Amino acid sequence: MKPLGPIPAGYDSIGGELAVGGKPASALVEQAGGTPLFVYSADLMRRRMAALREAMPSQLRIHYAIKANSYQPILELMEGLVDGFDIASGGELAMVLAAGQDPSKVSFAGPGKRDEELQAAIGHGVTLNLESENEARRSLRIAGELGTTPRLAIRVNPDFELRGSGMKMGGGAKPFGVDAERLPALAREIIAAGAEWRGLHIYTGSQALDAGAVAETQGNVLDLAARIAGESGAPLPHLNMGGGFGIPYFHGDEALDIGAVGSELAKRFAELPAELAETEFAIELGRYLVGEAGVYLTRILDRKVSHGTTYLVTDGGLHHQLAASGNFGTVVRRNYPVAIASKFTAEPAEEANVVGCLCTPLDRLADQALLPHAEVGDIVAVFCAGAYGASASPSAFLGQGPAREMLV
Ligand SMILES: *Cc1c(COP(=O)(O)O)cnc(C)c1O
1 MKPLGPIPAG
11 YDSIGGELAV
21 GGKPASALVE
31 QAGGTPLFVY
41 SADLMRRRMA
51 ALREAMPSQL
61 RIHYAIKANS
71 YQPILELMEG
81 LVDGFDIASG
91 GELAMVLAAG
101 QDPSKVSFAG
111 PGKRDEELQA
121 AIGHGVTLNL
131 ESENEARRSL
141 RIAGELGTTP
151 RLAIRVNPDF
161 ELRGSGMKMG
171 GGAKPFGVDA
181 ERLPALAREI
191 IAAGAEWRGL
201 HIYTGSQALD
211 AGAVAETQGN
221 VLDLAARIAG
231 ESGAPLPHLN
241 MGGGFGIPYF
251 HGDEALDIGA
261 VGSELAKRFA
271 ELPAELAETE
281 FAIELGRYLV
291 GEAGVYLTRI
301 LDRKVSHGTT
311 YLVTDGGLHH
321 QLAASGNFGT
331 VVRRNYPVAI
341 ASKFTAEPAE
351 EANVVGCLCT
361 PLDRLADQAL
371 LPHAEVGDIV
381 AVFCAGAYGA
391 SASPSAFLGQ
401 GPAREMLV
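For reference, each letter of the sequence shown is one residue, going 1 to 408 in the UniProt record's numbering.
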């Protein structure tokens with residue numbers, strides 16, 4: 001037997017079935033027209049944001065990094081909840097524009113921006129988080145051609161990283177950002193060229209659950225930003241402090257203590273150095289805002305036994321749930337929280353492997369899981385599916401196509 005990850009708080013049952021937004025799984029599937037289906041709870045997202053606002057210092061802006069989930073109704077919901085959006089491609093720019101978002105609240109990071117992407121972003125007044133000197137000069141040239149003033153920030157490759165983070169994106173040689181020591185010169189150059197200076201973006205990692213590590217990194221980010229502002233001789237209008245707030249996916253994971261993160265940050269804000277006295281601060285979060293608010297529902301198509309092992313074969317799989325299958329940046333595969341949605345309150349009765357319908361041994365949704373006895377037709381729920389599910393899985397693989405999605 002292998003343990004399953006913890007089912008996030010806030011899910012109910014109706015008539016023995018998993019319920020989201022007051023409706024049982026079978027009704028949601030019927031409403032959507034079938035499985036596989038991502039169901040996202042607006043209520044859970046609102047509650048998550050409210051708790052976060054409560055925990056964080058009031059002047060801290062909270063941005064949504066849409067790569068976690070760019071489903072249009074979620075972008076529209078987030079418009080009323082967050083203070084800004086972070087995008088990482090021209091495609092994501094088109095998505096936020098289609099959702100009616102104010103481009104002046106959008107910032108665009110990511111290495112390898114094409115000329116057309118820079119053009120579109122500058123033309124709409126989006127802030128560019130510049131990833132290199134070359135990108136800075138291309139942006140200035142393109143803005144000159146358009147006859148507009150570009151809004152430019154610089155992404156810093158910091159000389160430290162977020163301790164315990166799942167994906168490290170700072171410290172040492174990196175394709176992201178400009179090395180901290182080269183920052184002041186580049187900042188002076190773009191300010192002298194007449195750009196609207198939007199400050200710094202410092203992103204240090206992802207999926208951290210340790211409040212001490214997050215607080216320590218935020219302290220380091222503030223120190224580094226103050227140093228760079230001092231050396232570049234220009235006040236910092238805006239500092240995107242990164243994010244990295246994680247969610248519990250696996251057995252033994254404990255939720256991040258946002259109260260502790262918020263109170264440490266409040267202490268730092270109370271004693272800001274002169275260089276940061278006028279700065280507006282933001283964090284950018286993806287999975288923390290939406291991850292636990294989504295569940296993936298997939299129907300059992302076959303139940304079979306091989307050499308004594310029971311397999312529940314579903315109509316979903318890694319083409320929608322790459323991360324849950326263990327193939328998205330994990331070294332050792334562990335089980336996500338998984339349940340039989342159609343028998344949510346039934347007692348666990350047997351050990352089974354839940355697999356997808358793809359013809360590859362990589363397509364696993366739960367290994368050696370203790371579950372209620374499930375039959376063909378039952379619905380499996382994979383939790384923590386609100387982030388990096390639909391947006392980060394190879395849905396074209398084997399001609400399967402995307403899953404249905406709904407926000408309730
Ligand atoms: C991926 C990414 C995020 C979002 O990460 P989460 O772990 O989902 O919070 C935010 N900012 C940048 C620059 C990123 O690359």
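By construction, the Cβ of each residue, glycine as well, lies at the ideal position given by its N, Cα and C atoms.
All figures in this text were calculated on a predicted structure; none of them were measured in a lab.
Which one or two residues does DSSP pair with residue i in a beta bridge?
i: residue 310; result: 305
i: residue 38; result: 296 and 405
i: residue 320; result: Paired residue(s): none; residue 320 is not in a bridge.
i: residue 346; result: Residue 346 pairs with nothing; no bridge assigned.
i: residue 375; result: Per DSSP, none; premise fails for residue 375.
i: residue 200; result: 154 and 239
i: residue 12; result: 19
Just reading off the beta strand (DSSP E) that residue i is part of, what are its end residues?
i: residue 412; result: Any property of residue 412 remains undetermined from this structure, which presents the chain solely from 1 to 408.
i: residue 107; result: 106–108
i: residue 61; result: 61–65
i: residue 406; result: 404–407
i: residue 86; result: 84–87
i: residue 367; result: 364–371
i: residue 90; result: Residue 90 -> not in any beta strand (DSSP E); alpha helix (DSSP H) instead, spanning 90–98.
i: residue 163; result: Where residue 163 is concerned, there is no enclosing beta strand (DSSP E), given that its DSSP letter is neither H nor E.
i: residue 19; result: 17–20
What does a CB cutoff of less than 6 angstroms around residue i pick up in its chain, not counting 5 residues either side in sequence?
i: residue 32; result: 404 and 406
i: residue 196; result: 149 and 151
i: residue 317; result: 356, 357, 358 and 363
i: residue 103; result: 124, 125 and 126
Could you pull out every residue in the same chain whose Cβ sits closer than 8 angstroms to the Cβ of residue i, ignoring the five residues on either side in sequence?
i: residue 83; result: 61, 62, 63, 105 and 282
i: residue 53; result: 62
i: residue 178; result: 130, 131, 132, 133, 154, 155, 156, 157 and 186
i: residue 74; result: 40, 45, 290 and 407
i: residue 410; result: Only positions 1 to 408 of the chain appear in the structure, and residue 410 is not among them; the question remains open.
Going straight from the alpha carbon of residue i to that of residue j, what length do you get?
i: residue 323; j: residue 386; result: 11 angstroms
i: residue 380; j: residue 339; result: 6 angstroms
i: residue 353; j: residue 331; result: 20 angstroms
i: residue 90; j: residue 139; result: 14 angstroms
i: residue 341; j: residue 304; result: 20 angstroms
i: residue 96; j: residue 125; result: 13 angstroms
i: residue 43; j: residue 36; result: 22 angstroms
i: residue 147; j: residue 274; result: 35 angstroms
i: residue 326; j: residue 249; result: 11 angstroms
i: residue 284; j: residue 241; result: 8 angstroms
i: residue 431; j: residue 58; result: Residue 431 cannot be examined here, being either before or after the span of the chain that is shown, 1 to 408.
i: residue 228; j: residue 277; result: 14 angstroms
i: residue 6; j: residue 251; result: 6 angstroms
i: residue 80; j: residue 206; result: 25 angstroms
i: residue 159; j: residue 165; result: 15 angstroms
i: residue 245; j: residue 254; result: 12 angstroms
CB of residue i to nearest heavy atom of ligand 3: below 7 angstroms?
i: residue 67; result: Of the ligands this structure carries, namely ligand 1, none is ligand 3.
Tell me where the alpha helix (DSSP H) around residue i begins and ends.
i: residue 183; result: 183–192
i: residue 220; result: 211–232
i: residue 29; result: 25–32
Check whether the Cβ of residue i lies closer than 8 angstroms to any Cβ atom in chain B.
i: residue 85; result: No chain B is part of this structure, which consists of one protein chain only.
Given residue i, which residues of its chain have a CB within under 7 angstroms of its CB, disregarding the five upstream and five downstream residues?
i: residue 293; result: 40, 41, 44, 45, 48 and 386
i: residue 87; result: 66, 93, 96, 106 and 108
*What residue ranges within the region 253–306 form continuous beta strand (DSSP E) runs of no fewer than 3 residues, ordered along the chain?*
Segments of the beta strand (DSSP E) lying fully in the region 253–306: 280–285 and 294–306.
*Curious, which full-length beta strand (DSSP E) runs of at least 3 residues does the region 113–155 contain?*
Those beta strand (DSSP E) runs which fall completely within the region 113–155 and span 3+ residues are 127–130.
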